[in-house]
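Read the structure below first, then the notes.
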Amino acid sequence: MRVQSIRGMNDLLPSDTELWQSVEDVIRDVSELYGYQEIRLPLLERTELFKRSIGEETDIVEKEMYTFLDNRGESLTLRPEATASCIRAAIEHSLINRSKAKLWYMGPMFRYERPQKGRYRQFHQYGIEAFGWTTPDIDAEIIMVAHMLWRKLDIAQHTTLEINSIGSPTSRQNFRTDLVAYFDKYRSSLDEDSARRLSTNPLRILDSKNPHMQDLINNAPVMTEYLDEDSQRHFERLCVFLGSQDIEFKLNHRLVRGLDYYTDTVFEWTTDLLGAQNAICGGGRYDGLVELLGGGAVAGAGFALGLERLIEVLKHSRFEFQPVNPQVYLCVLGDDAEVEGLRVAQQLRTAGISAIVHCGGGKLSQQLKSADRANSLLGVIIGASEIERRTAIIKPLRQDLAQQSVALDDVVDNIREMLNSTG
Ligand code: HAM
């Protein structure tokens, strides 16, 4: 019996890893352009960390966490997101006690969701978190980081930004009271999920996709009308900043996000290139969270994007991915040529040129076929007569150019020149 992978947990195959790596490179570059520093966090944390931060009455904590007891009976959870972990680490290592910090992370997250296209149980996120700024300029900067990524990846035209303000905890409490009163009047029209949320997490009713609920939701009280003066000013400034950057956005009064820690700004980027799971990036401000997790009164804001979804967007867009081919394939015929081939290949690699030596012997035609399959740019052929004359043949494999014979000791210099001239 074969052992199969776990549902919703994907292998990333070599045919895709180059694309992932090139996206990861762009992500690293963009993070650095904005002054964010990488932080690497454990995949496992104490369960309490996520319960306290994401909220006991959210889908994630209620039903999506991979939680287990370790050998000593301690409850641990595979991280469903990394904002909480990032704050835990920043507090623990005094990164944000007296100073501000801009951090980014990338890696796998785990949620026990119903797997479907674009929704997995192990998926990858890239996220940024900025600690120490209460002002809306940082909210704008965070959104600009994502926008810069879309531009670098040539998908900006396929993305839409939606923003909302969910205000301070006090104004949200007033809104919540009125919202509950409103939905309570129509209790019989609520679907099962929303009826349950009425007592646990009523704001999430606004998120419902049930077509029968839409009229009811459209007529519900609107959060932005409950904002206090500070929150209102904060939100207006953010809109000014985004406008000045020519970043288009839609106001979505129903955007509440699925995690409880947000205050004031929340936002989501969606794309027209994916089906149902079209949210590629989400985030916002979380001013009370650091304190809730035992740190000081440090403001925070950030976002995370789903890498699987982003990669899928790239596959459907005009983003031109240039795979890095192995540049040189060495065909070696005979005992002495095998020895010489290993030596030349090692010299090439030392010079920063990737090289594959044909292993396992075989006829020249077979070896050239393997070179072709490996997508190599150049072949180097060393046979018995080349060994005798201390030469090698360099054969262009992707261009219609003549092969040439060069001294064995000059192979690296010649190849370097040829690669430079073909760019
Ligand atoms: P989130 O909206 O839960 O936010 O996740 C962010 C992104 O992760 C989503 O927009 C989506 O692209 C991707 N994602 C989420 N769940 C899955 C899944 N099951 N399969 C594939 N992709 C998925 C957060 O996680 C917050 N920590 C974001 C944040 C950072 N807020 C402030 N700082």
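Numbered according to the numbering used here, the sequence shown spans residues 1305 to 1727.
Built from N, CA and C at the ideal position, the CB exists for glycine as well.
None of the values given here were measured: they were computed from a predicted structure.
- DSSP places H1428 within a strand segment (E or B) once states are collapsed to three.
- Contact check for H1462 against L1609 fails: the beta carbons are separated by 8 Å or more.
- Assigned with DSSP and collapsed to three states, F1607 falls in strand.
- Inclusion of L1609 in the 7 Å shell around the ligand HAM follows from its C-beta lying nearer than that to a non-hydrogen atom of the ligand.
- Bounds of the beta strand (DSSP E) holding F1571 are T1567 to T1575.
- In this structure the stretch 1468-1475 touches the stretch 1562-1580; the number of beta carbon pairs closer than 8 Å is three or more.
- Separation of the CB atoms of L1712 and V1648 is rounded to 7 Å, and the pair is thereby assigned contact status at 8 Å.
- Contact between the stretch 1438-1455 and the stretch 1536-1550 is present: 3 or more CB-CB pairs across the two stretches fall below 8 Å.
- DSSP lists Y1430 as the beta-bridge partner residues of M1410.
- T1351 is the residue among L1323, G1664 and T1351 whose C-alpha sits nearest the C-alpha of S1389.
- Ranked by Cα distance from L1323, the first of V1684, L1618, R1561 and D1704 is L1618.
- In this structure, I1447 sits away from L1407, with a CB-CB distance that is not shorter than 8 Å.
- Shortest gap from the CB of Y1430 to any heavy atom of the ligand HAM: 7 Å or more.
- In the structure shown, Q1308 adopts coil according to DSSP, grouped into three states.
- Following the DSSP letters along the chain, one finds E1466 inside the beta strand (DSSP E) bounded by residues T1463 to S1469.
- Within the stretch 1636-1670, the complete beta strand (DSSP E) runs of at least 3 residues fall at 1659-1661.
- Straight-line measurement puts the Cα of I1615 at about 39 Å from the Cα of V1636.
- Exclusion of I1442 from the 7 Å shell around the ligand HAM follows from its C-beta lying no nearer than that to any non-hydrogen atom of the ligand.
- Annotated three-state conformation of G1547 is helix, per DSSP.
- For Y1370, the enclosing beta strand (DSSP E) starts and ends at Y1370 to L1373.
- Y1633 sits close to I1660, with the two beta carbons spaced by under 8 Å.
- Within a 10 Å sphere around the beta-carbon of M1313 sit fewer than 16 other beta-carbons, which makes this residue exposed.
- The ligand HAM has no heavy atom closer than 7 Å to the beta-carbon of G1411.
- Within 7 Å of the C-beta of A1583 there is at least one heavy atom belonging to the ligand HAM.
- The alpha-carbon separation between V1594 and G1588 amounts to approximately 14 Å.
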